[in-house]
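Quick note on this note's numbering: the sequence shown kicks off at 13 and runs consecutively. Report on one structure; see the data block that follows.
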Amino acid sequence: MSFAIPADFIVAGNARHAAALAEDYEALGRQLARRGISIAAMTERAMSYAVAVPTWGVGTGGTRFARFPGPGEPRNIHDKLEDCGVINQLTRLTPNVSPHFPWDRVKDYNALRQEAASHGLGFDAVNSNTFQDQRGQRLSYKFGSLTHADKATRMQAVEHNLECIEIGRQLGSAALTVWIADGSNFPGQSNLNAAFDRYMDSLRIIYDALPKDWLVFLEHKLYEPAFYATVISDWGSSFMAALELGPKARCLVDLGHHAPNTNIEQIVARLIRAGKLAGFHFNDSKYGDDDLDSGSIDPFRLFLVFNELVDAEMRRAEGFSPAYMIDQSHNVTDPVESLMASAVEIQRAYVQASLIDREMLEEAQNGSDAMLGHRIVKQAFITDVSPILAEARRRKGGAIDPLGLYRSSGYRAAKTKERPPAESTAAGIV
């Protein structure tokens, strides 16, 4: 029988932390009350927030040089759902998973949907994969997929995306995420405008096949593996494509897919204004597309992104309904631990941004009071909202200390015994 963390184990673990949490929560409540903020309201906001986890994220990641498999890592989508279920069980933050095809392909998707539900999970956006050649694939994507100079190769990539839409429909998803690695490594290798035109021709076929209530998320990336010119390299290219395609096309923001020192929060603000923000792939970076744990390197940038998001929410910006997902590569940590920690950090940024006095901030901005405006924002960022996050988890049946409880449960050791190492795995990305 497959090991699972019992509900009473969480209850017992929470009992050991209950008194300390009550004390910290009460103290923070008094501090916030002096600023005119209701801790009860902030706790409700924390309880309402959710972020999806990627099925591939529970596997060990890798680099261009090597991949070092971790003990007990998932061998297939069924193992992945177990791990994703534990993340949500302990954090109560990740009720949806985002699958990737063909990595997560099965014969019966209705059964897979029921299996996910048994773990307390639903399905977020489905992701297509035309950045790798799959076993038995007739035509190669070495020189492109949706933008390939060869029409037959382009149509093969289009057909795969259409298959993903049908799979997603059966799983109860409502969005397709399209990221392509297409581009060139040498000047003269590809006609830059022709490649974009071919992208648009391919996407129009996919767009026209979307169910009525679906969206397509266009994901851009500055470089890698196309080191000279990536077809959809920035938010401008993504926005151009989404604008041409129509209202069901929106722009996805991966926090690591930009040029160094780019003001990502300003990009977010622009996309909100245009009604074209699809949502996020959350991660963190030091040098480029590092796919590090969210909030591990630059938590202030994550907070500033949420400053724009909460602002849009509060003023009810038209068309504002972003999809939130984590997209990370876990090379040296237990992926379950990293995803739990990241989900909490993302929720932290959301709650911190909710503490900002928007009326006072607007007055400072309209009065050109630069220091006051900065201090209003910074005060929210330096407020430790950990008691709110822990109380929100407790009230929803999660763990006050999810990482500590996970480690003491023996889950990873149990899965190491249940899941013997395989020569190949559909988990993680290299």
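Backbone N, C-alpha and C fix where the C-beta goes; we use that ideal spot for every residue, glycine too.
N- and C-terminal bounds of the alpha helix (DSSP H) containing residue i
{"i": "residue 297", "result": "From DSSP, residue 297 is part of no alpha helix (DSSP H); its letter is neither H nor E."}
{"i": "residue 277", "result": "276-286"}
Continuous beta strand (DSSP E) stretch holding residue i: start and end
{"i": "residue 345", "result": "Segment: none, residue 345 is in no beta strand (DSSP E) and carries neither H nor E."}
{"i": "residue 28", "result": "From DSSP, residue 28 is part of no beta strand (DSSP E) but of the alpha helix (DSSP H) over 19-45."}
{"i": "residue 51", "result": "Here residue 51 belongs to no beta strand (DSSP E); instead the alpha helix (DSSP H) covers 51-60."}
{"i": "residue 265", "result": "261-266"}
{"i": "residue 338", "result": "335-338"}
Minimum C-alpha distance to residue i - residue among the options
{"i": "residue 95", "options": "368, 113, 68 and 112", "result": "68"}
{"i": "residue 104", "options": "121, 58 and 127", "result": "58"}
{"i": "residue 192", "options": "246, 150 and 149", "result": "246"}
{"i": "residue 81", "options": "70, 312 and 90", "result": "70"}
{"i": "residue 282", "options": "262, 338, 60 and 62", "result": "262"}
{"i": "residue 106", "options": "426, 332, 414 and 84", "result": "414"}
{"i": "residue 138", "options": "329, 115, 159 and 156", "result": "115"}
{"i": "residue 363", "options": "20, 62, 16 and 38", "result": "62"}
{"i": "residue 135", "options": "385, 92, 230 and 149", "result": "92"}
{"i": "residue 315", "options": "328, 294 and 299", "result": "294"}
{"i": "residue 112", "options": "148, 175 and 74", "result": "175"}
{"i": "residue 88", "options": "117, 16, 18 and 65", "result": "117"}
{"i": "residue 424", "options": "381, 83, 298 and 331", "result": "83"}
{"i": "residue 39", "options": "395, 426 and 420", "result": "395"}
{"i": "residue 76", "options": "341, 361, 86 and 391", "result": "341"}
Three-state class that DSSP yields for residue i in the structure shown
{"i": "residue 243", "result": "coil"}
{"i": "residue 358", "result": "helix"}
{"i": "residue 309", "result": "coil"}
{"i": "residue 351", "result": "helix"}
{"i": "residue 63", "result": "coil"}
{"i": "residue 304", "result": "strand"}
{"i": "residue 443", "result": "Here the chain covers residues 13 to 442 and nothing more, so residue 443 does not appear."}
{"i": "residue 289", "result": "strand"}
{"i": "residue 326", "result": "helix"}
Any non-hydrogen atom of the ligand GTP closer than 7 Å to residue i Cβ
{"i": "residue 237", "result": "This structure simply doesn't include the ligand GTP, nor any ligand for that matter."}
Go through the segment 208-237 residue by residue and report every complete run of the alpha helix (DSSP H) that reaches 4 residues or more, in order. Qualifying alpha helix (DSSP H) stretches: none in this window.
Is it a yes or a no for the segment 398-406 touching the segment 32-39, going by three-plus beta-carbon pairs under 8 Å? For the pair of segments examined, the segment 398-406 was found to touch the segment 32-39: the number of CB pairs separated by less than 8 Å reaches three.
Under 8 Å, with one C-beta from each stretch per pair, do the segment 365-372 and the segment 408-418 reach the 3-pair mark? At 8 Å Cβ cutoff, the stretches do not touch.
Which ranges does the alpha helix (DSSP H) cover as unbroken runs of at least 4 residues, wholly within the segment 374-429, from first to last along the chain? Taking only runs of at least 4 residues, the alpha helix (DSSP H) segments lying wholly in the segment 374-429 are 382-393, 398-407 and 414-421.
Can you list the alpha helix (DSSP H) stretches of 4 or more residues lying completely in the segment 67-121, in chain order? Correct list: 89-103.
Can you list, in chain order, the stretches of the alpha helix (DSSP H) that have 4 or more residues and sit fully within the segment 136-198? The segment 136-198 contains these whole alpha helix (DSSP H) runs: 163-183.
Segment contact, 8 Å Cβ cut-off, at least three pairs: the segment 166-175 with the segment 214-234: In short, these stretches touch, since the Cβ pair count reaches three.
At least 3 beta-carbon pairs within less than 8 Å: the segment 352-361 vs the segment 299-308: In this structure the segment 352-361 touches the segment 299-308; the number of beta carbon pairs closer than 8 Å is three or more.
Between the segment 415-435 and the segment 39-55, are three or more C-beta pairs nearer than 8 Å? With a cut-off of 8 Å, the segment 39-55 and the segment 415-435 do not count as touching, because too few Cβ pairs lie within range.
Is there contact here, the segment 148-163 with the segment 117-133, by at least three beta-carbon pairs under 8 Å? With the cut-off at 8 Å, the segment 148-163 and the segment 117-133 do not touch.
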